[in-house]
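> Below you will find the structure I want to go over with you.
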Amino acid sequence: MECVFGLVGKGFAIVAADTSAVNSILVHKSNEDKVMVLDSHKLLGASGEPGDRVQFTEYIQKNVHLYQFRNGIPLTTAATANFTRGELATALRKNPYSVNILLAGYDKGVGPSMYYIDYIATMHKIEKGAFGYGSYFCLSMMDRLYHPDMSIEEAIELIDKCIIEIRTRLVVAPPNFVIKIVDQDGAREYAWRESIKSPDVSMA
Amino acid sequence: MARYDRAITVFSPDGHLFQVEYALEAVRKGNAAVGVRGSDTVVLGVEKKSTPKLQDSRTVRKIVSLDTHIALACAGLKADARVLINRARIECQSHRLTVEDPVTVEYITRYIAGLQQKYTQSGGVRPFGLSTLIVGFDPYSEKPALYQTDPSGTFSAWKANATGRNSNSMREFLEKNYKETSGKETIKLAIRALLEVVESGGKNIEIAVMTHKDGLRQLEEAEIDEYVAEIEAEKAAAEAAKKGGFCFIILY
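In structure tokens form, the structure reads like this:
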């Protein structure tokens, strides 16, 4: 039921993910942030086994930071993607991680880029992609409506259309989504799309 | 005594570990380094020995950051420093990964000192030939800290300290002139201590300033020259006011 999807626009990349933390029939919380800010100009949207997801993405994040401290400059998006894929591949025939990843980043000179990395260490550089049951609907929407060099407004419109499609057509659709964007000014949260607000429980 | 200095694991009859003491000699030959702790700022300064004309000085960074809130300067064998710094950087990230908290200055100092000590108690290895000055801000208390480690693996916290060449003169100066400072005054105190033993001028010293808000900032040569000019002016004014010779304290 987890959905992670994203696309590359003109000078930016967007990654959106659902925010439900689920264990069989129980929803633990509906505001779980699954799109990690890897460093100043990278986003890592991950879906899959919750334990693996957190463990693996934090591991990647700390290694990306270590590289920056060691070398004084950040890793490129391509290098990060290849490193991530390598870690998944190494673990694959021993203790595989069940994590699917959409890695988006902005590099000076290269611009925005997005990488599709699935749990068996397949890696593709893509302009639009999606994981999960939601991908059946998102990919079709994006195939129809995506075009290269979309503006932010057009891209958000497309993301919203995908979210609406997921909500209408997926039987156990996640209620809330987070949208994050990365461009030359950095990686940051763009918006939440909430159809169920977590109630604030007052302490008695 | 020469029989007791070959292997590190051997104590001499009078309780010395000669290899460690020789390592301290190596530190004494290294470039001067000073650290000063202010109320909201910590400053590290190192002496920059004349750079060869053909060398790209940007690749010779003497003050390095271990994490966003910790920086390190050292005196002694620079190659050993590289190894120690690398291990410390890994430990900083590893700590963040396992406990989801940045390291405190004391923690990473204890780690580095622990590493240095390990190499004084193993077979076939020699100690690290460097002393480090570690500065930073503790993540939640936001208090500044300055620590020093040495080849024996001891460490302690300081308000201000110096290591490397002529560290005794710098430390004496700091003991005489230390007072609680903040911001620019802390920077000036560090520069004044360095200028006691280093040729004056921005191109002979490297200064880095760390604040809780802005992290580590290396000062530009021009900025350092400005501070040096200010200090010289203050010195000249003080001399004119004193209007007399120096006071010597002659030690027998």
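These protein sequence lines map, in sequence, to chains A and B.
For the first sequence, position 13 (counting from the first letter as 1) is numbered 155 according to my numbering, and the numbering increases by one without interruption.
For the second sequence, position 23 (counting from the first letter as 1) is numbered 862 according to my numbering, and the numbering increases by one without interruption.
Note that the Cβ used here is the ideal one computed from N, Cα and C, for glycine as well.
What is the DSSP secondary structure of arginine 965 of chain B, counted as helix, strand or coil?
Coil.
> Does chain A have any CB closer than 8 Å to the CB of arginine 928 of chain B?
So, interface residue.
> In angstroms with no decimal places, state the Cα-to-Cα distance between lysine 152 of chain A and threonine 226 of chain A.
Each residue's alpha carbon lies about 25 Å from the other.
> Name the one or two DSSP bridge partners that arginine 330 of chain A has.
Paired residue(s): A/Ile323.
> For serine 277 of chain A, count neighbouring C-beta atoms within 10 Å of its own C-beta (all shown protein chains included) and say buried if the count is 16 or more, exposed if not.
Classification for serine 277 of chain A: buried.
> Does the structure place the stretch 232–239 of chain A close enough to the stretch 254–272 of chain A that three or more beta carbon pairs sit under 8 Å?
Contact holds: three or more Cβ-Cβ distances are below 8 Å.
> Between A/Ile298, A/Gln326, A/Lys322, A/Leu217, which lies nearest to threonine 161 of chain A when the distance is taken from Cα to Cα?
For the residues A/Ile298, A/Gln326, A/Lys322, A/Leu217, the minimum Cα distance to threonine 161 of chain A belongs to A/Lys322.
> Considering just the uninterrupted stretch of the beta strand (DSSP E) at proline 983 of chain B, what are its terminal residues?
983–988 is the span of the beta strand (DSSP E), which, as asked, contains proline 983 of chain B.
> Could you name the residues of the same chain whose beta carbon sits closer than 6 Å to that of leucine 245 of chain A, not counting the 5 residues immediately before and after it, in chain order?
So the qualifying residues of the chain are Leu186, Ala223, Tyr257.
> State the start and end residues of the unbroken beta strand (DSSP E) segment that holds lysine 171 of chain A.
168–171 is the extent of the beta strand (DSSP E) around lysine 171 of chain A.
> For phenylalanine 211 of chain A, decide whether its Cβ has a neighbour in chain B, counting only Cβ atoms nearer than 8 Å.
Yes, its Cβ sits closer than 8 Å to a Cβ of chain B.
> In this structure, does DSSP put alanine 220 of chain A in helix, strand or coil?
Residue state, collapsed to three classes: helix.
> Between which residues of its own chain and serine 1008 of chain B is the CB-CB distance below 6 Å, once the five residues before and five after are set aside?
So the qualifying residues of the chain are Glu1035, Val1036.
> Is it buried or exposed for glutamate 295 of chain A, if we count other Cβ within 10 angstroms and need 16 for buried?
Counting Cβ neighbours within 10 Å, glutamate 295 of chain A comes out exposed, since fewer than 16 surround it.
> Starting from the C-beta of serine 189 of chain A, find all residues in its chain whose C-beta is less than 6 Å away, skip the five residues before and the five after it, and write them out in chain order.
Same-chain partners within the cutoff: Glu144, Val146, Asn242, Phe273, Gly274.
> Identify every residue that forms a DSSP beta bridge with glutamine 1057 of chain B.
According to DSSP, which records beta bridges pairwise, glutamine 1057 of chain B is partnered with B/Ala1047.
> Go through its chain and collect everything with a Cβ distance to alanine 329 of chain A's Cβ below 7 Å, but skip five positions before and after it.
Around alanine 329 of chain A: Val179, Ser182, His183, Lys184, Leu185, Lys322.
> To the nearest angstrom, how far is it from the Cα of threonine 1002 of chain B to the Cα of glutamine 203 of chain A?
Whole-angstrom Cα-Cα distance: 35 Å.
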